[in-house]
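Count along the sequence shown starting at 1, add 93, and that's the number in my numbering.
Structure, as structure tokens:
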Amino acid sequence: MRILLIEDHPALAEAVTDALRRAGFAVDHASSAAKAREMAALAPYALILMDLGLPDGDGLKLLPGLRANGRVPVIVLTARDQLSDRLAGLDGGADDYIVKPVEMPELVARCRAVLRRPGERGDTILCVGSLALDTVSRTAMVDDVPMHLGRREVGVLEQLMRAAGRVAPRRALEEAIYTFDDEVGPNALEAAVSRLRRALASAGCTLPIVTVRGVGWMLAKEKRP
Ligand code: CA
Numbered sequence: 094m095r096i097l098l099i100e101d102h103p104a105l106a107e108a109v110t111d112a113l114r115r116a117g118f119a120v121d122h123a124s125s126a127a128k129a130r131e132m133a134a135l136a137p138y139a140l141i142l143m144d145l146g147l148p149d150g151d152g153l154k155l156l157p158g159l160r161a162n163g164r165v166p167v168i169v170l171t172a173r174d175q176l177s178d179r180l181a182g183l184d185g186g187a188d189d190y191i192v193k194p195v196e197m198p199e200l201v202a203r204c205r206a207v208l209r210r211p212g213e214r215g216d217t218i219l220c221v222g223s224l225a226l227d228t229v230s231r232t233a234m235v236d237d238v239p240m241h242l243g244r245r246e247v248g249v250l251e252q253l254m255r256a257a258g259r260v261a262p263r264r265a266l267e268e269a270i271y272t273f274d275d276e277v278g279p280n281a282l283e284a285a286v287s288r289l290r291r292a293l294a295s296a297g298c299t300l301p302i303v304t305v306r307g308v309g310w311m312l313a314k315e316k317r318p
């Protein structure tokens with residue numbers, strides 16, 4: 094899952110980005126409304142975390158445009174703690190409202206809570222055979238035993254499970270696991286898929302990840318006969 098953080102305070106942006114990455118999310122950071130509009134048009138986000146006081150405008154005015162491509166949940170993050178501002182945030186279509194200063198564990202928990210709300214994105218627990226993935230806590234399990242996977246491997250697995258039995262195109266995998274700031278080598282995705290294959294095999298998962306040359310990868314729904 095990829096999250097867009099819109100925040101113009103550099104230290105806070107760094108702290109939030111770190112906390113969310115440690116929780117297994119891919120995070121893009123926009124420091125202005127203009128940058129946020131650009132990024133939102135280019136990448137698929139599962140959640141938008143937005144400061145209201147931006148150098149080039151009020152965050153709330155961004156909301157309708159950011160959602161033009163579908164219903165993305167939005168959490169407003171702001172120092173304005175007056176009730177009237179909170180109500181304007183919630184009435185303006187925000188899904189939650191966090192007043193700064195905020196402790197990072199609380200912020201991450203509030204993000205997870207919003208991501209777990211039933212919506213158009215469907216179930217937050219994906220299951221294929223003996224394999225299960227909680228897309229919000231970013232935990233994968235084989236036969237109910239949790240696996241230890243890196244952030245990118247979980248991202249690859251999520252896309253493969255969502256497309257199980259069909260090919261997940263390379264581009265969809267890249268968009269889901271890399272942020273605009275990531276330095277991505279030519280074989281980075283192949284390497285992540287290899288690590289995932291090894292991890293699944295050593296956890297006893299027999300579902301193969303099939304390479305479809307030039308297109309992408311497919312998680313087979315059943316093991317090879
Ligand atoms: Ca601000």
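For glycine and all other residues, C-beta sits at the position ideal for the given N, C-alpha and C.
Cα-Cα separation, residue i to residue j
i, j, result
"Ile302", "Ala129", "35 Å"
"Asp216", "Ser230", "13 Å"
"Val238", "Leu147", "44 Å"
"Lys314", "Gly258", "5 Å"
"Asp66", "Ala269", "Any property of residue 66 remains undetermined from this structure, which presents the chain solely from 94 to 318."
"Asp274", "Leu180", "34 Å"
"Leu113", "Thr171", "17 Å"
"Asp144", "Tyr271", "23 Å"
"Ala292", "Asp184", "45 Å"
"Val109", "Met197", "7 Å"
"Val207", "Leu250", "22 Å"
"Arg164", "Leu266", "21 Å"
"Arg205", "Pro194", "19 Å"
"Ala123", "Ile141", "11 Å"
"Val59", "Lys316", "Outside the modelled stretch of the chain, which goes from 94 to 318, sits residue 59, for which no answer is possible."
is_contact[residue i, chain D] using C-beta, thresh 8 Å
i, result
"Leu147", "In the structure shown, chain D does not exist; there is a single protein chain."
Contact set for residue i: own chain, Cβ-Cβ below 8 Å, skip 5 residues either direction
i, result
"Arg160", "Val167, Gly186"
"Asp149", "Ser125, Ala126, Ala127"
Three-state class that DSSP yields for residue i in the structure shown
i, result
"Arg95", "strand"
"Val277", "coil"
"Met240", "coil"
"Gly150", "strand"
"Cys220", "strand"
"Val192", "strand"
"Leu135", "helix"
"Gly307", "coil"
"Tyr184", "The residue you asked about is not Tyr; residue 184 is Asp in the sequence shown. In the structure shown, Asp184 sits in a helix (DSSP, three-state: H, G or I)."
"Thr110", "helix"
Burial state of residue i (16 or more Cβ within 10 Å)
i, result
"His241", "exposed"
"Cys298", "buried"
"Val305", "exposed"
"Arg210", "exposed"
"Val277", "exposed"
"Glu283", "exposed"
"Gly307", "exposed"
Nonlocal neighbours in the same chain, by C-beta distance under 6 Å from residue i, ignoring five residues either side
i, result
"Phe118", "Met94, Ile96"
"Gly222", "Leu300"
"Ala225", "Met234"
"Asp121", "Leu97, Met132, Thr272, Phe273"
Beta-carbon contacts of residue i that lie in its chain and below 7 Å, excluding the five residues immediately before and after
i, result
"Ala261", "Gln252, Leu253, Gly309, Trp310, Met311"
"Gly248", "Ala119, Ala269, Ile270"
"Gly158", "Arg130"
"Leu200", "Val109, Ala112, Ile191"
Inset, instruction - May I ask you to verify whether the region 121-138 touches the region 94-109, counting CB pairs closer than 8 Å and requiring at least 3? - result: yes
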